[in-house]
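Everything on this sheet refers to the single structure shown next.
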Amino acid sequence: MAVIRFGHLGICVADLDHALRFYRDLLGFRALTRTDVRGDLADKLLRLKGVDQTTVFVERDGVRLALFAFKTPKALGGGVRAMNERGMAAIMLRVDDLEATVAAVRKAAIPGVKVLEDTRTDYPAYRSKLVFLTDPDGTLVELVEIPGDPYAPFGEAL
-17 MAVIRFGHLG
-7 ICVADLDHAL
3 RFYRDLLGFR
13 ALTRTDVRGD
23 LADKLLRLKG
33 VDQTTVFVER
43 DGVRLALFAF
53 KTPKALGGGV
63 RAMNERGMAA
73 IMLRVDDLEA
83 TVAAVRKAAI
93 PGVKVLEDTR
103 TDYPAYRSKL
113 VFLTDPDGTL
123 VELVEIPGDP
133 YAPFGEAL
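The sequence shown begins at -17 in the working numbering and counts up by one.
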């Protein structure tokens, strides 16, 4: 048995236009494909009834997100999830300039996107600065500025 590659992370969104403004236009993810999903097969796969949904795949640095926008049934939930709530906790993006990125987030004024100023901190162990924000649907996005190689892992080796 072998996993041959990572596919994608799925994020349910209430407003596809707002999600695309955030991930594509603001954060630089590249839109790849758009597909409408409906019918009996969709109902079976998604374990829902009467599915009418649009999926847009976006990609950045080899990581793909599937943005799921449901017409029916309507998207449930919303708001910021607690970090200790089971499931995906946050998306982390390394940035070259935290202050410039936060300024761009504020200037974009995308509905639902909030900079969580109470999370802003310096992390001396890794010489980094970070802050969390929310995407338009409350998914936590951690912005981290770490000097040096942006592809180098941080933390202690396992």
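All C-beta atoms, glycine included, are put in the ideal place defined by N, C-alpha and C.
If you measure between the beta carbons of residue i and residue j, is that distance less than 9 Å?
i: V45; j: F(-12); result: yes
i: R109; j: P129; result: yes
i: L122; j: T116; result: yes
i: V95; j: F4; result: yes
i: T54; j: V33; result: yes
i: V113; j: V97; result: yes
i: V40; j: L14; result: yes
i: L47; j: L(-9); result: yes
Measuring alpha carbon to alpha carbon, tell me which of the options ends up nearest residue i.
i: K31; options: R42, P129, L140 and V19; result: V19
i: D119; options: P129, E127, V126 and G59; result: G59
i: A51; options: D22, E67, H0 and D43; result: H0
i: A57; options: V40, M74 and T36; result: T36
i: A86; options: G69, L9 and P106; result: L9
i: I92; options: D7, A48, G69 and P135; result: D7
i: R2; options: D131, P106, L49 and P135; result: The displayed chain sequence assigns Leu, not Arg, to residue 2. Nearest C-alpha to L2: L49.
For residue i, which of helix, strand or coil comes out of DSSP?
i: L115; result: strand
i: T83; result: helix
i: F11; result: coil
i: K89; result: helix
i: K53; result: strand
i: K31; result: coil
i: A(-4); result: coil
i: D104; result: strand
Rounding to the nearest angstrom, what Cα-Cα distance links residue i and residue j in this structure?
i: L80; j: D(-3); result: 27 Å
i: R88; j: P135; result: 28 Å
i: E99; j: L140; result: 32 Å
i: A107; j: A72; result: 21 Å
i: R68; j: I(-7); result: 15 Å
i: R29; j: M70; result: 20 Å
i: V(-5); j: V62; result: 13 Å
i: G21; j: D104; result: 49 Å
i: M(-17); j: A64; result: 35 Å
i: E127; j: K26; result: 42 Å
i: D43; j: N66; result: 27 Å
i: D131; j: A24; result: 42 Å
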